[in-house]
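Residue numbers for the sequence shown follow the working numbering, so the first one is 48 and each next one is one higher. Virtual Cβ for every residue (Gly too), placed ideally from N, Cα, C. All of these numbers come straight from a predicted model, not from anything done at the bench.
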Amino acid sequence: MRHNKKINHLGRKSEHRNAMLANMAASLILNKRITTTVAKAKALRPFIEPMITRSKDDTTHSRRVVFADLQNKFAVTELFRVVAPKVADRPGGYTRIIKLGHRLGDAAEMAMMELVDFNENLLKEKAAKKTRTTRRGGKKVAPAVAPVAEKAAPAEPAEAPAQETEENKES
Numbered sequence: 048m049r050h051n052k053k054i055n056h057l058g059r060k061s062e063h064r065n066a067m068l069a070n071m072a073a074s075l076i077l078n079k080r081i082t083t084t085v086a087k088a089k090a091l092r093p094f095i096e097p098m099i100t101r102s103k104d105d106t107t108h109s110r111r112v113v114f115a116d117l118q119n120k121f122a123v124t125e126l127f128r129v130v131a132p133k134v135a136d137r138p139g140g141y142t143r144i145i146k147l148g149h150r151l152g153d154a155a156e157m158a159m160m161e162l163v164d165f166n167e168n169l170l171k172e173k174a175a176k177k178t179r180t181t182r183r184g185g186k187k188v189a190p191a192v193a194p195v196a197e198k199a200a201p202a203e204p205a206e207a208p209a210q211e212t213e214e215n216k217e218s
């Protein structure tokens, strides 16, 4: 029975599984997005998120601990120089898994795993989507005729009554 055994072995021995997760993590760090199966993506998330959290503290010890897991110096450099400053204010949840459907060959469920702060398309949509609309009836905007009448009126007569009122106050 597998009671309370939460790790997915992915049909591999531990050395093979650890090497595969390290390679996938390095690819994710270097490319910011990878396509894999849902099971591998879910297994990769608890492997890589502690590394990203550790990379926020750029010390020699942190680099050595991350390198012991990744075994790729280019990925470690990218993680500490590029990824860590961008996720510095995020308290967790650095990765996103998006399901893509089934693979044609073996019908395996596929997913795209990406670093959250590096998806430029979603960041642009988020910035543009700040205005909110409601379905309830609110204040009605004045008809389009009223602003046209204001533009037609010259600005000088509006200033003249203000000067007259000041003169009236003085006398």
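Between A66 and T106, the alpha-carbon positions lie close to 25 Å from each other. With contact defined as three or more Cβ pairs closer than 8 Å, the stretch 85-95 and the stretch 164-173 are not in contact. The beta carbons of A90 and N55 sit closer together than 7 Å. Non-local beta-carbon contacts of H149 in its own chain, meaning distances under 8 Å to residues more than five positions away in sequence, involve A155, E156 and M157 in chain order. Ranked by Cα distance from V85, the first of L169, R183, E161 and N166 is E161. For A158, the uninterrupted beta strand (DSSP E) segment begins and ends at E156 to L162.
L117 counts as buried, since no fewer than 16 other beta carbons sit within 10 angstroms of its beta carbon. The Cβ-Cβ distance between V123 and V113 falls below 7 Å.
When rounded, the separation of the alpha-carbon atoms in E125 and A72 is 12 Å.
A Cβ-Cβ contact shorter than 7 Å links I99 with Y141.
Residue range T142 to H149 is occupied by the beta strand (DSSP E) that includes H149. Sorting A131, F121, P132 and K87 by C-alpha distance to the C-alpha of G58 places K87 at the top. As the crow flies, the alpha-carbon of P138 is around 36 Å from that of M48. Straight across, the Cα-Cα distance linking L147 with T82 is about 9 Å. Between the beta-carbon of R143 and that of V163 there is about 5 Å, and that keeps the pair under the 8 Å contact cut. Shown here, I81 sits in a strand according to DSSP, grouped into three states.
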